[in-house]
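A.B. asks:
Protein chains: 2
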Amino acid sequence: MFPAFDKLHSTLKQLPGLGSRSAERICIHLLAERPEKLDQLVLALQEAAQHVGRCPVCGNLCQGETCSICEDPTRDDSRLCIVESVNDLLAIEKSGAWKGRYHVIHGRISPLKSIGPESLNLESLKSRLQNGAIHEVLLALANDIESEATCHYIQEVVLADTSITISRIGFGLPSGGDITYADSLTLRNALESRKSFA
Amino acid sequence: MFPAFDKLHSTLKQLPGLGSRSAERICIHLLAERPEKLDQLVLALQEAAQHVGRCPVCGNLCQGETCSICEDPTRDDSRLCIVESVNDLLAIEKSGAWKGRYHVIHGRISPLKSIGPESLNLESLKSRLQNGAIHEVLLALANDIESEATCHYIQEVVLADTSITISRIGFGLPSGGDITYADSLTLRNALESRKSFA
Numbered sequence: 668m669f670p671a672f673d674k675l676h677s678t679l680k681q682l683p684g685l686g687s688r689s690a691e692r693i694c695i696h697l698l699a700e701r702p703e704k705l706d707q708l709v710l711a712l713q714e715a716a717q718h719v720g721r722c723p724v725c726g727n728l729c730q731g732e733t734c735s736i737c738e739d740p741t742r743d744d745s746r747l748c749i750v751e752s753v754n755d756l757l758a759i760e761k762s763g764a765w766k767g768r769y770h771v772i773h774g775r776i777s778p779l780k781s782i783g784p785e786s787l788n789l790e791s792l793k794s795r796l797q798n799g800a801i802h803e804v805l806l807a808l809a810n811d812i813e814s815e816a817t818c819h820y821i822q823e824v825v826l827a828d829t830s831i832t833i834s835r836i837g838f839g840l841p842s843g844g845d846i847t848y849a850d851s852l853t854l855r856n857a858l859e860s861r862k863s864f865a
Numbered sequence: 668m669f670p671a672f673d674k675l676h677s678t679l680k681q682l683p684g685l686g687s688r689s690a691e692r693i694c695i696h697l698l699a700e701r702p703e704k705l706d707q708l709v710l711a712l713q714e715a716a717q718h719v720g721r722c723p724v725c726g727n728l729c730q731g732e733t734c735s736i737c738e739d740p741t742r743d744d745s746r747l748c749i750v751e752s753v754n755d756l757l758a759i760e761k762s763g764a765w766k767g768r769y770h771v772i773h774g775r776i777s778p779l780k781s782i783g784p785e786s787l788n789l790e791s792l793k794s795r796l797q798n799g800a801i802h803e804v805l806l807a808l809a810n811d812i813e814s815e816a817t818c819h820y821i822q823e824v825v826l827a828d829t830s831i832t833i834s835r836i837g838f839g840l841p842s843g844g845d846i847t848y849a850d851s852l853t854l855r856n857a858l859e860s861r862k863s864f865a
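Protein chains in written order, with our numbering: chain A, 668 to 865; chain B, 668 to 865.
1) Could you tell me which residues DSSP puts in a beta bridge with L805 of chain B?
2) Please look up how many angstroms separate the CB atoms of H770 of chain B and C725 of chain B, rounded, as I've assumed it's under 8 Å.
3) Expressed to the nearest angstrom, what Euclidean distance is found between the alpha-carbon atoms of V896 of chain A and L792 of chain A?
4) In the DSSP output, which residue or residues are listed as bridge partners for Q730 of chain A?
5) Distance cutoff 9 Å, beta carbons only. Does P723 of chain B sit that close to anything in chain C?
6) Report the CB separation of S777 of chain B from E823 of chain B in whole angstroms; it is logged as a contact under 8 Å.
7) Please name the residue in B:E815, B:D755, B:I736 whose C-alpha comes closest to that of F669 of chain A.
8) Which runs of the beta strand (DSSP E) at least 3 residues long sit entirely within the segment 749-808 of chain B? Give them in chain order.
9) What do you get for Q797 of chain A, buried or exposed, if any count of 16 or more other CB atoms within 10 angstroms of its CB means buried?
10) So, is the C-beta of Q822 of chain B closer than 9 Å to a C-beta in chain A?
11) Thinking C-alpha only, which one of B:Q730, B:E751, B:N810, B:A764 is nearest P784 of chain B?
12) Are the Cβ atoms of E714 of chain A and A671 of chain B separated by less than 9 Å?
13) Determine the closest residue to W765 of chain A out of A:F838, A:A807, A:G799, with distance taken between C-alpha atoms.
14) Going straight from the alpha carbon of A809 of chain B to that of E815 of chain B, what length do you get?
15) Of all the options A:D811, A:A849, A:L826, which has the alpha carbon lying nearest to the alpha carbon of G799 of chain A?
16) Count the other CB atoms, across all protein chains shown, that sit within 10 Å of the CB of L852 of chain A; report buried if there are 16 or more and exposed otherwise.
17) Which of helix, strand or coil does DSSP assign to D706 of chain A?
18) Check whether the Cβ of E790 of chain A lies closer than 9 Å to any Cβ atom in chain B.
19) For D706 of chain B, decide whether its Cβ has a neighbour in chain A, counting only Cβ atoms nearer than 9 Å.
20) What residue range does the alpha helix (DSSP H) around I695 of chain B cover?
21) Can you tell which of A:E790, A:G837, A:I821 has its C-alpha closest to the C-alpha of L858 of chain A?
22) Residues in its own chain within less than 7 Å of Y820 of chain B by CB, not counting five upstream and five downstream?
23) Determine whether the Cβ of I695 of chain A lies closer than 9 Å to any Cβ atom of chain B.
24) With burial defined as no fewer than 16 other Cβ atoms inside 10 Å of the residue's Cβ, what is the status of R861 of chain B: buried or exposed?
25) Using only the alpha-carbon positions, how far apart do Q730 of chain A and L779 of chain A sit?
26) Return no unless some Cβ of chain A is closer than 9 Å to the Cβ of E691 of chain B.
27) Under the DSSP definition of a beta bridge, which residues are partnered with D811 of chain B?
28) Which residue marks the beginning of the alpha helix (DSSP H) containing P670 of chain B, and which one marks its end?
29) Does any residue of chain B bring its CB to less than 9 Å from the CB of V825 of chain A?
30) Under 7 Å between beta-carbons, which chain A residues line up against V753 of chain B? List them in chain order, please.
31) Using a Cβ-Cβ cut-off of 7 Å (strictly less than) and excluding sequence neighbours within five positions of L756 of chain B, which residues of its own chain qualify?
32) In chain A, what lies closer than 7 Å to K761 of chain B by C-beta?
33) Candidates A:L675, A:C722, A:G843, A:I695: which alpha carbon is nearest L710 of chain B's?
34) Quick one: residues in its chain with C-beta nearer than 6 Å to the C-beta of V804 of chain A, no 5 flanking neighbours on either side, listed in chain order?
35) Indicate whether at least one CB of chain B lies closer than 9 Å to the CB of H773 of chain A.
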């Protein structure tokens, strides 16, 4: 429409989950319909930028020195779950199936996007592993080639020369999943990861 | 999660089209993954707030004194299309079916939401109508009870004692619409607004 509008529109469009049309709706809402909300949003963004950061221990989001999971004394210090993003951490937390600690590596190795291991949050992982408290590492990375490569890198470089037990989350038919509608790769994963039925 | 995060989350959640989960994704994206985008967003919002406003003539968004549609000399000054929002104006513009001017009233009368005619952009509409250049008004408001009430108000109060031709956009089967799947009200509208087929 005009420069300041287009700039806001293109900035919003880059956010995850927002397409061109939804970004346009938000622009119009903030500029034409509810201008007072724009100031609230600027304030909330500035406050969050000032107070929220990455936890220096695990890479999760935190307000304060370390995050609530790192500070929780009831967590099992000997088990560490490695995840790609804070979103993945929250999803696993919601499942309630993990009581150990986390480490967020913020991405996956992707030669096509020029993301090498040096861009990931792996240095702090190495220093965490050095104190010897961790006996088990669970790689909760996605089921694709880039995540597979990242798992291999962590196993062969970061965890090399340690006696830590390494596992990767299971792949197979999702909960409620139907065999008829599952894709071939999922079925292959599911058949390969079969367990004895007792 | 923690105060500054929750505040940003709840502010984002109020924007149109953003639910709790998508607002959370944007928070995490801006705070954990791409903090430089947060500053860009704050800047774009502040610039837009400073430079973009409502056109004093028609209520459309503009950067500068009046909007691009009001400034366009090729538009038909004698026809005025009244819309509820800038979104509706853009949708009609995209159709290419209207070459007159617009007037955005920014809402519809809704007693349940305590929105009376005084909250709408009707004063500037009255003064636009006074100079006598407008001969036709098209009410391009939605097909529901609140918009119907708004149409009646405009017809009976704003346009009272004028000789302006008033019309309302047609209602019926949408383009590509199937009679089998159309709801009863749409079919009723479609039957009522039947035209001679020549």
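C-beta atoms are modelled at their ideal positions from N, C-alpha and C, and glycine is treated no differently.
C.D. replies: In short, the structure shows the following:
1) Numbered from 1 along the second sequence, position 138 holds the residue referred to as residue 805 of chain B. Here L805 of chain B is bridged, per DSSP, to B:C748, B:S834.
2) The residue given as residue 770 of chain B occupies position 103 in the second sequence. The residue given as residue 725 of chain B occupies position 58 in the second sequence. Sure, about 5 Å apart at Cβ, within 8 Å.
3) Nothing can be reported for residue 896 of chain A, as the shown portion of chain A is limited to 668 through 865.
4) As a first step, residue 730 of chain A must be located in the first sequence, where it is residue number 63. For Q730 of chain A, which the question treats as bridged, DSSP gives the partners A:V719.
5) Given the protein chain composition of this structure (A and B), no chain C is represented.
6) The count along the second sequence starts at 1 and reaches residue 777 of chain B at position 110. The count along the second sequence starts at 1 and reaches residue 823 of chain B at position 156. With 8 Å as the limit, S777 of chain B and E823 of chain B do not qualify as a contact, their Cβ atoms being about 18 Å apart.
7) By one-based count along the first sequence, residue 669 of chain A stands at place 2. Comparing Cα positions, the closest option is B:I736.
8) Counting only runs of 3 or more, we get 767-771, 803-806.
9) Counting from 1 along the first sequence, the entry for residue 797 of chain A is found at position 130. Label assigned to Q797 of chain A: exposed.
10) Taking the second sequence and counting its residues from 1, one reaches residue 822 of chain B at position 155. Q822 of chain B does not count as touching chain A.
11) Sequence index remark: in the second sequence, residue 784 of chain B carries index 117 (1-based). It is B:E751 whose Cα lies nearest to the Cα of P784 of chain B.
12) Walking along the first sequence from the start, residue 714 of chain A turns up at place 47. Walking along the second sequence from the start, residue 671 of chain B turns up at place 4. In contact: E714 of chain A and A671 of chain B (Cβ atoms closer than 9 Å).
13) Residue numbering aside, residue 765 of chain A sits at position 98 when the first sequence is read from its first letter. Considering only alpha carbons, the answer is A:A807.
14) Indexing the second sequence from 1 puts residue 809 of chain B at position 142. Indexing the second sequence from 1 puts residue 815 of chain B at position 148. About 8 Å.
15) For the purposes of this step, residue 799 of chain A is taken as residue 132 along the first sequence, with counting starting at 1. Closest by alpha carbon: A:L826.
16) Taking the first sequence and counting its residues from 1, one reaches residue 852 of chain A at position 185. Label assigned to L852 of chain A: exposed.
17) Sequence index remark: in the first sequence, residue 706 of chain A carries index 39 (1-based). In the three-state reduction of the DSSP assignment, D706 of chain A falls in the helix class, which pools H, G and I.
18) In the first sequence, counting from the first residue as 1, residue 790 of chain A sits at position 123. Cβ-Cβ to chain B under 9 Å: no for E790 of chain A.
19) Along the second sequence, one-based indexing puts residue 706 of chain B at 39. Yes, because at least one Cβ of chain A sits closer than 9 Å to the Cβ of D706 of chain B.
20) Against the second sequence, residue 695 of chain B aligns to sequence position 28. Run containing I695 of chain B: 687-695, per the alpha helix (DSSP H) assignment.
21) For the purposes of this step, residue 858 of chain A is identified with residue 191 of the first sequence, where counting begins at 1. The candidate whose alpha carbon is nearest that of L858 of chain A is A:G837.
22) Within the second sequence, the letter at position 153 stands for residue 820 of chain B. Answer for Y820 of chain B: I776, P784, listed in chain order.
23) Start at 1 with the first residue of the first sequence, and residue 695 of chain A comes out as number 28. At least one chain B Cβ lies under 9 Å of I695 of chain A.
24) Translated into positions along the second sequence, residue 861 of chain B becomes position 194. The residue is exposed, with fewer than 16 neighbouring Cβ atoms inside 10 Å.
25) Your numbering for residue 730 of chain A matches position 63 in the first sequence. Your numbering for residue 779 of chain A matches position 112 in the first sequence. Taking the straight line joining both Cα atoms gives about 34 Å.
26) Against the second sequence, residue 691 of chain B aligns to sequence position 24. At least one chain A Cβ lies under 9 Å of E691 of chain B.
27) Along the second sequence, one-based indexing puts residue 811 of chain B at 144. For D811 of chain B, which the question treats as bridged, DSSP gives no partner whatsoever.
28) Here residue 670 of chain B corresponds to residue number 3 of the second sequence, with the count starting at 1. From DSSP, the alpha helix (DSSP H) with P670 of chain B extends over 670-680.
29) Stepping through the first sequence from its first residue, residue 825 of chain A is reached at position 158. So no, V825 of chain A is outside the interface.
30) As a working note, residue 753 of chain B is residue 86 in the second sequence. Going along chain A in sequence order, the residues near V753 of chain B (Cβ under 7 Å) are I695, A699.
31) Reading the second sequence from its first residue, position 89 is the one you call residue 756 of chain B. Cβ neighbours of L756 of chain B beyond the five flanking positions: N727, V750, Y769, V771.
32) Locating residue 761 of chain B in the second sequence gives position 94, where the first residue counts as 1. Result: empty, since nearest Cβ-Cβ is about 11 Å, beyond 7 Å.
33) Position 43 of the second sequence, counted from the start, is the residue given in the question as residue 710 of chain B. Comparing Cα-Cα distances from L710 of chain B to each of A:L675, A:C722, A:G843, A:I695, the minimum goes to A:L675.
34) Looking up residue 804 of chain A in the first sequence gives position 137. These residues qualify, in order along the chain: L747, I831, I833.
35) As a first step, residue 773 of chain A is located in the first sequence; it is residue number 106 there, counting from the start. Taking a beta-carbon distance threshold of 9 Å, H773 of chain A counts as an interface residue toward chain B.
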